[in-house]
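Using mature numbering (1 follows the signal peptide of the UniProt record, and there is no 0), the letters of the sequence shown map in sequence onto residues -19 to -1, 1 to 852.
Beta carbons are placed, not taken as given, at the ideal position from N, Cα and C, and that holds for glycine.
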Amino acid sequence: MVLLEVLLLAMFSQSICLAHILKCNIWEPPFPLHAFVSGDILIGSITFHGSFRSSAISFSEAPPPDSLKELIMIPKNYQHLLALAFAVQEINDSPHILPNRTLGFRIYDSYDNARRTCQATLRLLSVQERLVPNYACGIHNNLRVVIGALDSHVSLNMANILDIYKIPQLIYGVAPVMNDKTPGLPFYQMVPHETLQYEGILSLLLHFSWTWIGLVFMDNDNGQRFLQNVFPMFSKRGVCFAFTERVPPETYMNQIYVMLEKGAKIYDKLVDSKANVVVAHGESYSIAIFRWLTYISELENRTSKLKGKVWIASAQMEVNAFVYQRHWATEIFHGALTLRIHSNDLPGFKSFQESRNPVSTKGDDFLRHFWQQAFGCLFPSAIAEDVEEENCTGKERLESLPGDFFEMSVTGHSYSIYNAVYAVAHAMHAMSSSEVNHRSIMEANGQKFRNEEAWQLHQFLRGVSFNNSAQTKVSFNEKGEVMSRFDVINWKFFSNETFLRVKVGMFDLQASPGQTLTIDEEAITWHHQFNQTRPLSVCTKSCRPGSSKKVKEGEPYCCYDCITCPGGKISNMNDCNPCSDTKYPNKNHDFCLPKTITFLSYEEALGLSLAFLAITFSFITVLVLGVFVKNHRTPIVKANNQKLTYTLLSSLLLCFLCALLFIGEPQILTCLLRQTAFAIIFSVAVSSVLAKTLLVILVFMATQPGSRMRKWLGKEKADAIFLCCSLIQVGICSAWLGTSPPFPDVDTFSMAEEIVLECNEGSMIMFYCALGYMGLLATISFTVAFPSRKLPGSFNEAKFITFSMLVFCSVWLSFVPSYLSTKGKSMVAVEIFSILASSSGLLACIFFPKCYIIMLRPELNNREQLIKRKL
């Protein structure tokens, strides 16, 4: 059974390889570029340095033989090869890792093409330079691992073949499509998962409050997957999209009209959009494609120039360029922020790069092509007769190249390749140590030991953990991904085609909550348009305090109108929310302030003034009462029931004094007494007035000849009327106190900024019954007194009573609407004023004329004057 499986596997792999050989050889360049170093253990690698540019094929005639021979490189990617070679050299020179064995490597280019990737992968699996996999011919293939690739679709094309042979694959770029590969053997990713990059970009947006952004991504499967991932993730956190534009992939570079048409569309979108932030996503070479945007404006002489934007790019994208973009402007990317795989400088790497020389370096086909295209020269053997090009001397200096062509400092991808080589070396070292022990045990038992196989390396790679030469720990998590963090890089581009990358922050998901993103804003250089102030990128500016958002119909929720919050509510820039009962909104309506506790007190001007008036009127009433007592034997005092006069003056005195019950902090006793005492005392006063009025009328009617009203005269009748009217009010107040008495209460609603301490009336029905009964007595008194205002001068008290009741009724008729229209302690002040005004009206109208006669005109205070009739 095992033999059958092996046979079927060999047949299947040979058929695949043959198919690819037939395909790939048709498109094969004159010779496959590769780099190699021999060793006991071979590391394979598939890199991407460029692609072949050709003119469009019309199929109407045979294509010219040299139509596919022009290799257009991305020179910056050559550093990836150098990082691998540098790591292998360090390991071979180290006595601590694989001391008795040497590492070698073979590197081929994918040319970003599925067929060429297939061909390169099969060449790695072949024991000779000929593309014949599965045939050892007595030669052992010592390939143990393959490192690559940079772009996910290339990695997937490699995995489809490498999985058949169970060869471990370490990729140094993001690989979202690798999760779907079959049969699904584990691969190892030297960078964190791509979703972590999305979270890092989102954290940047939220940190700077950028909620209105544009998305620009490659028009391929990875771009579509990116959109599907970030759209819900960003939207959930309040980020909206002004536009989403797809950029043609590198395969369209030969179709200049397609690139111009699509590029012009994106250019116009960027010009017209209010979004100042653009999130870019793509393959490793995408920045080179995005540079078409600046080229379009120059090519078409557009009057609408692209304003500055803040570009935010993922770690997969490097600032690079194709060779023909040597002089293309990079100004639009000035101030960009990108995530970058955390890396440190590698000791000796710069010297290693400087030592590469196209004349003396052997085993590196890429170097001459890189040198010619990077420096714009040709080696003598490659110069044609009709080509005017400078000769390459080999003495050109790498550090003189523009940064988008080559960097002397290690890039993020190169750093990942360096770590991948060391991860393989440490895994091989652990496997070798394990095999030594295993070999001795098997040979002791007489068993034959099988040499190490590539598939055996998996278990050792999963557990690898080490510190590289930069003293950075490298290890894999349970998903086979390197546990690392991202640096936040700010890019500064200069007019001399150089640039500077500045580390301004870090994104680390392993940090404590709230510390995952750290940013040094002072170190950031923004685009020149923003004048070094933090850019704003929102659809609608934040609502002013006291306003809330109302989403515009048919537009994203980041675009809204601001509506003013109603009174009593504050705004958190989203909704209007009321304050608690004990708080009120501040002037800006953005937070709540505690309400002040207030009541009508003696310490404030209003309370003190009313108390002073009450005491003053009480003192006046006492003086009037004293005058009347002192002159109690005079006719004007004895007239019209002296007892009722004293009762009225006493009740008026108590009316003035009961006003003091309404001033001060409400207590249980004062709340019980203030309204009931006021109602009873005023009823006594009005009852006294009513009795006096009826008594005047009866006396006048009894003086008429033949009148029968004499039998109704007498103090007993007046006292009965007085007591009856007063006792009814006493009964109403007693029922009030017995059923629902007043009590101290807190009013938190009447006043916006105050908590009013007040007396709750308990039963408003009983309160208005008591007030209404008092009003009824006053109305009856006024009704009875009004007709008697024209009585003769002997009965002139009826005139004074009429005026007093007119004042009394006017005050209390105006009291009801005033009382209902005021709030808080103003209600108490209105009631006190009404008490004082009505009481003083009775005092002045009834007693001041008599006091005038008693004190200033005593000659009128005699019986003859009182019985004198007015003609």
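For residue j and residue i, the rounded distance between their alpha carbons
i    : j    : result
K530 : C524 : 7 angstroms
L151 : K460 : 13 angstroms
F763 : S785 : 9 angstroms
K4   : A101 : For K4, the predicted model reports a pLDDT of 39, less than 50, meaning its position is unreliable and no value from the coordinates is stated.
K851 : S744 : Only weak support exists for where K851 lies, its pLDDT of 39 falling under 50; the value from the coordinates is given anyway. Near 51 angstroms, if we compare the C-alpha coordinates of S744 and K851.
L757 : S528 : 52 angstroms
I827 : L708 : 24 angstroms
R321 : E380 : 22 angstroms
S413 : I27  : 26 angstroms
F600 : L606 : 10 angstroms
W8   : V519 : Unreliable positioning characterises W8 in this predicted model, as indicated by a pLDDT of 37, which lies under 50. The coordinate reading is nonetheless provided below. Taking the straight line from one Cα to the other gives about 50 angstroms.
L49  : L14  : Because L49 carries a pLDDT of 44, less than 50, the predicted location of this residue cannot be relied on, and the following value inherits that uncertainty. Roughly 14 angstroms between the two C-alpha positions.
D542 : V291 : 26 angstroms
Q205 : N458 : 27 angstroms
A269 : C557 : 48 angstroms
N301 : P547 : 55 angstroms
F198 : G244 : 12 angstroms
A425 : M409 : Unreliable placement is indicated for A425, whose pLDDT of 46 sits below 50; the coordinate value is still reported in the next sentence. Near 24 angstroms, if we compare the C-alpha coordinates of M409 and A425.
K250 : F224 : 8 angstroms
Member of the options whose CA lies at the smallest distance from the CA of residue i
i    : options                : result
D144 : V126, W273, F29, A401  : V126
Q334 : G384, G357, V605, M389 : M389
F330 : H61, R614, E434        : H61
W717 : C706, Y749, F703       : Y749
E180 : P575, R218, P839, K343 : R218
D726 : G393, V737, G719, M732 : V737
S669 : L704, D345, E734       : L704
R767 : I746, C790, V532       : Residue identity check: residue 767 is Phe in the sequence provided, not Arg. The candidate whose alpha carbon is nearest that of F767 is C790.
T783 : V792, S802, L823       : L823
S807 : Q623, E536, A586       : A586
K147 : I247, F609, L438, R307 : L438
V135 : G154, N122, C636, S799 : G154
T657 : E742, Q623, I596       : E742
Q70  : H77, Y59, N58, T83     : T83
N123 : E739, A435, N622, G444 : A435
G344 : L63, D200, L653        : L63
K286 : Q510, D90, Y754        : Q510
Three-state secondary structure assigned by DSSP to residue i
i           : result
W436        : helix
Y541        : strand
K454        : strand
Q513        : coil
R466        : coil
K473        : strand
K530        : strand
I834        : helix
I702        : helix
residue 859 : In the structure displayed, the chain extends from -19 to 852; residue 859 sits before or after that span and is not available.
S32         : strand
S518        : coil
F447        : strand
V405        : helix
F168        : coil
H308        : coil
V711        : helix
Extent of the continuous beta strand (DSSP E) to which residue i belongs
i    : result
F222 : 221 to 228
I27  : 22 to 28
M199 : 193 to 199
I128 : 124 to 128
P559 : 557 to 559
Run of the alpha helix (DSSP H) containing residue i, from where it starts to where it stops
i    : result
K147 : First-last for K147: undefined, no H or E at that position.
Y266 : No alpha helix (DSSP H) holds Y266; DSSP gives it neither H nor E.
G85  : Taken as a continuous stretch (DSSP letters only), G85 belongs to no alpha helix (DSSP H), being part of the beta strand (DSSP E) at 84 to 90.
N73  : 59 to 74
M214 : 202 to 217
A294 : Segment 291 to 294 is the beta strand (DSSP E) holding A294; no alpha helix (DSSP H) there.
V605 : 586 to 611
V811 : 806 to 823
Which runs of the beta strand (DSSP E), 3 residues or longer, sit entirely within the stretch 725 to 803?
-> With a minimum length of 3 residues, the continuous beta strand (DSSP E) runs that stay inside the stretch 725 to 803 are 735 to 741.
Complete alpha helix (DSSP H) runs within the stretch 635 to 685 (minimum length 4 residues, chain order) | You should have 649 to 683.
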